[in-house]
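Inspection log for the structure reproduced underneath, given as structure tokens.
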Amino acid sequence: MLFAPDTEVALRSVVNLINSAANGDEHLSTTEDLDRFLETEGFSGSRTRDAAELAGVHRLRGELARLWLADESTAVGTVNRLLREAGALPQLVKHDQWDWHLHATTPDAPLADRMSTEAAMALVDVIRGKEMDRMLVCAAEDCDAVVLDLSRNRSKRYCDTGNCANRAHVAAYRARKAAS
181 MLFAPDTEVA
191 LRSVVNLINS
201 AANGDEHLST
211 TEDLDRFLET
221 EGFSGSRTRD
231 AAELAGVHRL
241 RGELARLWLA
251 DESTAVGTVN
261 RLLREAGALP
271 QLVKHDQWDW
281 HLHATTPDAP
291 LADRMSTEAA
301 MALVDVIRGK
311 EMDRMLVCAA
321 EDCDAVVLDL
331 SRNRSKRYCD
341 TGNCANRAHV
351 AAYRARKAAS
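If you use this note's numbering, the sequence shown corresponds to residues 181 to 360, in order.
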């Protein structure tokens, strides 16, 4: 296992949040879109379900997208700021289907604070483990989605937002066939 299970879940949520605006598409346009996203990602806690909450998540998404591409020292500064701004105080909790795991905000903290803290806590593990090279951008030329490579052999290169890997493999196959 590379990371603790809750870290992997949080990192996948970061990827899904960033990729909700990949390739010029916007998949979090409304509070209903945000409701579906949070349900899928398993986020719990209080909600205001208003435009300000959605705007806060959009701001966080942009910050996390920049962090995904940052060098280590910039990432450290951003992670520390996110934790500081949310007043993070890590503690072990157990709820719903989850066994003991870390939370660093209260369930009634603003959604964007809870999401940023969750992301920052996961990224702490990535940075401390010197694993930032697992944070990639899709190798497809026409895609700007991000990729989290949790494979043992560090071989994941394509996103999960569409069919980038299939398109690349078909193109490579056709090129090989044309060359022979």
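The beta carbon of each residue, even a glycine, is placed where N, CA and C say it ideally should be.
Rounded to whole angstroms, the gap between the alpha carbons of Ala300 and Leu240 is 11 Å. C-alpha of Asp230 to C-alpha of Thr211: approximately 7 Å in a straight line.
Taking each of Met315, Ala266, Ala355 and Ala359 in turn and checking the Cα distance to Cys339, the smallest one comes out for Met315.
The three-state reading of DSSP puts Asp279 in strand, counting E and B together. The Cβ atoms of Ala266 and Asp293 lie closer than 8 Å to each other. Along the stretch 233-304, the beta strand (DSSP E) occurs as fully enclosed runs of 3 or more residues at 271-275 and 278-283, listed in sequence order. Excluding five sequence positions before and after Glu298, the CB atoms of its chain that fall closer than 6 Å to its own CB belong to Ala190, given in chain order.
Following the DSSP letters along the chain, one finds Leu191 in no beta strand (DSSP E) but inside the alpha helix (DSSP H) bounded by residues Pro185 to Asn199. When DSSP states are grouped into helix, strand and coil, Leu218 belongs to the helix group. The stretch 250-257 and the stretch 202-211 do not touch, with fewer than 3 CB-CB distances between them shorter than 8 Å. Across the structure, Lys357 and Arg347 are spaced so that their CA atoms are roughly 15 Å apart.
For the 8 Å CB-CB criterion, Pro287 and Gly225 form a contact. Here His283 is buried, its C-beta having at least 16 other C-beta atoms within 10 Å.
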